[in-house]
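Q: I have a structure here, written as structure tokens, and I will follow up with some questions on it.
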């Protein structure tokens, strides 16, 4: 697939740009195939690009010197992350790791800033995304403290179907039970149990290497 076609499908902001702005994005963008387990962006490195997931699934996580890791969120195809570090021109405060083989796009900081200077629609899109991201992380902090495993898995999956952050997702996500466990911070076995409970509640259907959502609002409010 050509870069322009991939952006049209997986980057809602790209469709808001003028033809000249789109041409610059296509010219400046770099695309890389990243294997499962590889680091896409490393904590502590200066942010030099806006990161898009054209295919696959990545996780945003933090860790400490003792090797303890905590997943902050998952980002499926269609998601773009890292704008906060770019706007503040600072080092990344988290790692971005491919959970499976993924196709990663990088929009250089100079091009990102040029769009901020020239495109009101792009600015509005970014403002909405930042606002949604803040709400997402506030909700996750609350969920981790107050909810049981079933509810955490439900809310985690609901996040991955956010139409603003990840447009064009549809109602099916290719994701394994192990990946669900990583993102919801539960074991694979506990993730399996939670998925079966949610399936029995009529909220989703567990498929081979994937989940199909039946009731998104139900997932958002579960627990």
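Residue numbers (the UniProt record's numbering): 1 to 223.
We put the CB at the ideal spot given by N, CA and C, even for glycine.
May I have the straight-line CA-CA distance separating residue 36 from residue 96, to the nearest angstrom?
A: Within the chain shown, residue 36 is the residue found at index 36, counting from 1. Within the chain shown, residue 96 is the residue found at index 96, counting from 1. Answer to the nearest angstrom: the Cα atoms are 12 Å apart.
Q: Which residues in the same chain as residue 223 place their Cβ atom closer than 7 Å to its Cβ, once the five residues preceding and following it in sequence are excluded?
A: Start at 1 with the first residue of the chain shown, and residue 223 comes out as number 223. Here the set comprises 147, 148, 150, 151 and 154.
Q: For the stretch 77–92 against the stretch 18–29, do three or more pairs of beta-carbon atoms, one drawn from each stretch, fall closer than 8 Å, so that the two count as touching?
A: No, the stretch 77–92 does not touch the stretch 18–29.
Q: Roughly how many angstroms separate the alpha carbons of residue 178 and residue 118, rounded to a whole number?
A: Taking the first residue of the chain shown as 1, we reach residue 178 at position 178. Taking the first residue of the chain shown as 1, we reach residue 118 at position 118. C-alpha of residue 178 to C-alpha of residue 118: approximately 43 Å in a straight line.
Q: Using 8 Å as the Cβ pair cut-off and three pairs as the minimum, do the stretch 118–137 and the stretch 192–208 touch?
A: no
Q: According to DSSP, residue 32 sits in a beta bridge with which residue or residues?
A: Position 32 of the chain shown, counted from the start, is the residue given in the question as residue 32. Its beta-bridge partners are 104.
Q: Exposed or buried, residue 113, counting other C-beta atoms within 10 Å across all chains shown (16 or more means buried)?
A: Along the chain shown, read from residue 1 onward, the residue named residue 113 stands at position 113. A residue is called buried once 16 or more other Cβ atoms fall within 10 Å of its Cβ, and residue 113, having fewer, is exposed.
Q: With 16 as the cutoff for other CB atoms within 10 Å, does residue 62 come out buried or exposed?
A: Translated into positions along the chain shown, residue 62 becomes position 62. Answer is exposed; the Cβ neighbour count stays below 16.
Q: List, from N- to C-terminal side, the alpha helix (DSSP H) runs of 4 residues or more that fit wholly inside the stretch 188–215.
A: 188–200
Q: Are at least three pairs of beta-carbons, each pair with one atom in the stretch 42–54 and one in the stretch 69–86, less than 8 Å apart?
A: Output reads yes: the stretch 69–86 touches the stretch 42–54.
Q: What did DSSP end up calling residue 99 once you bin it into helix, strand or coil?
A: Stepping through the chain shown from its first residue, residue 99 is reached at position 99. Residue 99 falls in the coil class under three-state DSSP.
Q: Buried or exposed: where does residue 59 fall if 16 or more other Cβ atoms within 10 Å of its Cβ makes it buried?
A: Locating residue 59 in the chain shown gives position 59, where the first residue counts as 1. The residue in question, residue 59, is buried, as its Cβ has 16 or more Cβ neighbours within 10 Å.
Q: Considering just the uninterrupted stretch of the beta strand (DSSP E) at residue 37, what are its terminal residues?
A: Your numbering for residue 37 matches position 37 in the chain shown. Note, residue 37: premise wrong, no beta strand (DSSP E); not H, not E.
Q: Under the DSSP definition of a beta bridge, which residues are partnered with residue 59?
A: As a position in the chain shown, residue 59 is number 59, starting the count at 1. For residue 59, which the question treats as bridged, DSSP gives the partners 74 and 97.
Q: Would you check if the distance between the CB atom of residue 4 and the CB atom of residue 31 is smaller than 9 Å?
A: Numbered from 1 along the chain shown, position 4 holds the residue referred to as residue 4. Numbered from 1 along the chain shown, position 31 holds the residue referred to as residue 31. Against a cut-off of 9 Å, the Cβ pair of residue 31 and residue 4 comes out as no contact.
Q: Closest to residue 99 by C-alpha separation, out of 190, 116, 10 and 56, would be which residue?
A: As a first step, residue 99 is located in the chain shown; it is residue number 99 there, counting from the start. Checked all of 190, 116, 10 and 56; the closest Cα to residue 99 is 56.
Q: Buried or exposed: which applies to residue 210, given that a residue is buried once 16 or more other Cβ atoms fall within 10 Å of its Cβ?
A: Position 210 of the chain shown, counting from 1, holds the residue named residue 210. The residue is exposed, with fewer than 16 neighbouring Cβ atoms inside 10 Å.
Q: At which residues does the alpha helix (DSSP H) containing residue 151 begin and terminate?
A: Mapped onto the chain shown, residue 151 falls at position 151. 149–160 is the span of the alpha helix (DSSP H), which, as asked, contains residue 151.
Q: According to DSSP, residue 13 sits in a beta bridge with which residue or residues?
A: Walking along the chain shown from the start, residue 13 turns up at place 13. According to DSSP, residue 13 bridges with nothing at all.
Q: According to DSSP, residue 53 sits in a beta bridge with which residue or residues?
A: By one-based count along the chain shown, residue 53 stands at place 53. Answer by DSSP bridge pairing, in chain order: 104.
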